[in-house]
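Trainee:
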Amino acid sequence: MSFQSAISGLRASSTDLGVVGNNVANANTTAFKASRAEFSDVFATTSAGVAATATGQGVNTAKVAQQFTQGNITFTDNGLDLAISGNGFFVVDSQGDQLYSRDGSFGIDREGYMVNGNGQRLKAFSADGTGAISGALETLRITSANTAPVATTNVEFGANLDSQDTAPSVTPFDATNNATFNSTTATTVYDSLGGSHLLQLYFVKTGSGTWDTNSQIDGAAVGAGSPLAFNTSGALSSPLGGSVTLPAFVPVGGGAPLNISLNVSEMTQYGAPFAVNRVTQDGYTTGRLSGLDIDKEGIVFARFTNGQSTVQGQVALANFANSQGLRSLGNNNWAESFESGAALMGSPSTGSFGQIQSGALEDANIDLSQELVNLIVAQRNFQANTQVIQAESAVTQAILQIS
Numbered sequence: 000m001s002f003q004s005a006i007s008g009l010r011a012s013s014t015d016l017g018v019v020g021n022n023v024a025n026a027n028t029t030a031f032k033a034s035r036a037e038f039s040d041v042f043a044t045t046s047a048g049v050a051a052t053a054t055g056q057g058v059n060t061a062k063v064a065q066q067f068t069q070g071n072i073t074f075t076d077n078g079l080d081l082a083i084s085g086n087g088f089f090v091v092d093s094q095g096d097q098l099y100s101r102d103g104s105f106g107i108d109r110e111g112y113m114v115n116g117n118g119q120r121l122k123a124f125s126a127d128g129t130g131a132i133s134g135a136l137e138t139l140r141i142t143s144a145n146t147a148p149v150a151t152t153n154v155e156f157g158a159n160l161d162s163q164d165t166a167p168s169v170t171p172f173d174a175t176n177n178a179t180f181n182s183t184t185a186t187t188v189y190d191s192l193g194g195s196h197l198l199q200l201y202f203v204k205t206g207s208g209t210w211d212t213n214s215q216i217d218g219a220a221v222g223a224g225s226p227l228a229f230n231t232s233g234a235l236s237s238p239l240g241g242s243v244t245l246p247a248f249v250p251v252g253g254g255a256p257l258n259i260s261l262n263v264s265e266m267t268q269y270g271a272p273f274a275v276n277r278v279t280q281d282g283y284t285t286g287r288l289s290g291l292d293i294d295k296e297g298i299v300f301a302r303f304t305n306g307q308s309t310v311q312g313q314v315a316l317a318n319f320a321n322s323q324g325l326r327s328l329g330n331n332n333w334a335e336s337f338e339s340g341a342a343l344m345g346s347p348s349t350g351s352f353g354q355i356q357s358g359a360l361e362d363a364n365i366d367l368s369q370e371l372v373n374l375i376v377a378q379r380n381f382q383a384n385t386q387v388i389q390a391e392s393a394v395t396q397a398i399l400q401i402s
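Just so we're aligned: the sequence shown equals residues 0 to 402 in numbering that gives the first Met the number 0.
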């Protein structure tokens, strides 16, 4: 029995050495998960069960268990690198097969799909035209088309007009003569083709608490002066609702007429110099894709050169009832199995799912110091079992000599 026990010990030690060696070899593999060899003893049995004097028949390798503990997260300069902080696996499509990975080394292929180093496409929950996320799981494809321009329809303007100003002595209003107005400011607006135009506002004091607003687009007057009135507290009292509708402006470049509503509800008249607090408008020109942003919830935003962004989808994560039951396929991939249970899909930062960190990668969960200790232990176990075989051989030789 000693030979059999020692040989089983050599096999077990060899397995242990192989597992430890594989861990050490993958110490720098992105998101690699360490394995641990687990062993069970073997006893001699009879038809009546285990004999009271049984000494055992050696050792068996019970299983090689993967250790799905969190690896350190290292930040990179690539915004498409993704790390999962917490539970979950990325879902990737490998030529029609659905696989799972912790490796977030992603990029964009020539067709616009987010892919890992193996060319496998990342799966995500799709987004509709408004940016709302649906439950449909599909491969994530980033749009490369220019965003369509949007014509300006509303301009919100907040400023303070100096109550201590006096009405200009030179009349009528002339945009080329600074003596005919008190203050001016400008902002850019856009037509339906994305063409930019300069909207200039001129403020002319007409009396105590009353002003005229004169508007020009690209130097052309749009309507006569629009009156503004303020109460004794300096708040706007007219027009009611604080909205002024400018006459339509026809762009030279062929776009649709611009119909702009000027919201001046935030304007005030205090005893302080003219100051613009806020100018916003809701139009923009066409834009080209300039980059991607991915937040901790896995929402993928495409950024465009016109300052706009659109939601492309939400990175999906998968969890399993028994992660150690996953079938390892190599290339940092796993497949579900009967032991792992079916994949539970979900969104990052919800429930038991971890959060996404963009511009970062998860390191292998390898403790090299511990692995080197394990290597020494496995080596000594191998040597010890070799000594058992040598001792058994010497005993056998002595018996043969006696015979």
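Here a beta-carbon is modelled for each residue, glycine too, at the ideal position from N, C-alpha and C. These figures come from a predicted structure and were not determined experimentally.
(1) Out of curiosity, what's the CA-to-CA distance linking Q354 and P347?
(2) Is it the case that the stretch 285-298 contacts the stretch 308-315, given that we only count it when at least three CB pairs across the two stretches are under 8 Å?
(3) How far does the beta strand (DSSP E) with G189 in it extend, from its first residue to its last?
(4) Excluding the five sequence neighbours on either side, which residues of its own chain have a C-beta within less than 8 Å of the C-beta of F105, listed in chain order?
(5) Would a C-beta distance cut-off of 8 Å place F156 and M266 closer than the cut-off?
(6) Are the CB atoms of A33 and N364 within a distance shorter than 8 Å?
(7) Roughly how far, in whole angstroms, is the beta-carbon of I83 from the beta-carbon of E361, given that I think they are within contact range, below 8 Å?
(8) Grab me the residues of V19's own chain with a C-beta within less than 7 Å of its C-beta, minus the 5 sequence neighbours each way, in chain order.
(9) Taking the alpha-carbon of Q97 as reference, which of A30, G222, G233, Q119 has the nearest alpha-carbon?
(10) Output the residue ranges of the beta strand (DSSP E) runs that lie fully inside the stretch 126-173 and measure 3 residues or longer, sorted by chain position.
(11) So, for P250: in the same chain, excluding its five sequence neighbours on each side, which residues have a beta-carbon less than 7 Å away from its beta-carbon?
(12) Restricting to Cα atoms, I'd like to know which of N145, F229, V63, E338 is closest to Y269.
(13) Hey, how far is the Cα of S207 from the Cα of S162?
(14) If you reduce the DSSP assignment to three classes, tell me which class V23 lands in.
(15) Which residue spans inside the stretch 293-372 form an unbroken alpha helix (DSSP H) run of at least 4?
(16) Do L245 and G218 have their beta-carbon atoms positioned less than 8 Å apart in this structure?
(17) Using the C-alpha atoms, what's the distance from D127 back to S133?
(18) Go through its chain and collect everything with a Cβ distance to G286's Cβ below 6 Å, but skip five positions before and after it.
(19) Express the C-alpha separation of T279 and I298 in angstroms, rounding to a whole number.
(20) Could you tell me which of L399, F381, S357 sits nearest to F74, measuring between CA atoms?
(21) By DSSP, does S4 sit in helix, in strand, or in coil?
(22) So if DSSP puts G226 in a beta bridge, which residue, or which two residues, is it bridged to?
(23) Buried or exposed: where does P148 fall if 16 or more other Cβ atoms within 10 Å of its Cβ makes it buried?
(24) Helix, strand or coil: how does DSSP classify N380 here?
(25) May I have the straight-line CA-CA distance separating A315 from L139, to the nearest angstrom?
(26) Do you know whose CA, among T151, N27, A64, A24, lies nearest T186's CA?
(27) Let me know the secondary structure DSSP gives D92 once reduced to three states.
(28) Can you tell me whether N159 is buried or exposed? The criterion is at least 16 other CB atoms within 10 Å of its CB, across all chains shown.
(29) Which of the three DSSP states, helix, strand or coil, is assigned to S13?
(30) CB-CB under 7 Å to A359, same chain, minus the five flanking residues each way: which ones, in chain order?
(31) Taking just the CA atoms, how far does A166 sit from V418?
(32) Within this structure, are the beta carbons of A450 and V58 separated by less than 8 Å?
(33) Which residues bound the beta strand (DSSP E) around N276?
(34) Express the C-alpha separation of N21 and L9 in angstroms, rounding to a whole number.
(35) Specify, as a first and last residue, the run of the beta strand (DSSP E) that Q65 falls within.
Mentor: Taking the geometry as given:
(1) 5 Å
(2) yes
(3) For the sequence presented, residue 189 should be read as Tyr rather than Gly. Where Y189 is concerned, the enclosing beta strand (DSSP E) stretches over 182-189.
(4) L79, D80, L81, M113, V114, N115, L121
(5) yes
(6) yes
(7) 7 Å
(8) E370, N373, L374, A377
(9) Q119
(10) 132-138, 153-161
(11) D190, G194, H196, L257
(12) F229
(13) 8 Å
(14) helix
(15) none
(16) no
(17) 7 Å
(18) T146, F303, T304, N305, Q307
(19) 26 Å
(20) S357
(21) helix
(22) For clarity, residue 226 is Pro in the given sequence; the question names Gly instead. In the DSSP output, where bridge partners are listed per residue, P226 has D211.
(23) buried
(24) helix
(25) 10 Å
(26) T151
(27) strand
(28) buried
(29) helix
(30) I72, T73, F74, T75, D80, A82
(31) Residue 418 lies beyond the range of the chain shown here (0 to 402); nothing can be said about it.
(32) As displayed, the chain neither begins before 0 nor continues past 402, which places residue 450 out of reach and without an answer.
(33) 274-280
(34) 18 Å
(35) 57-65
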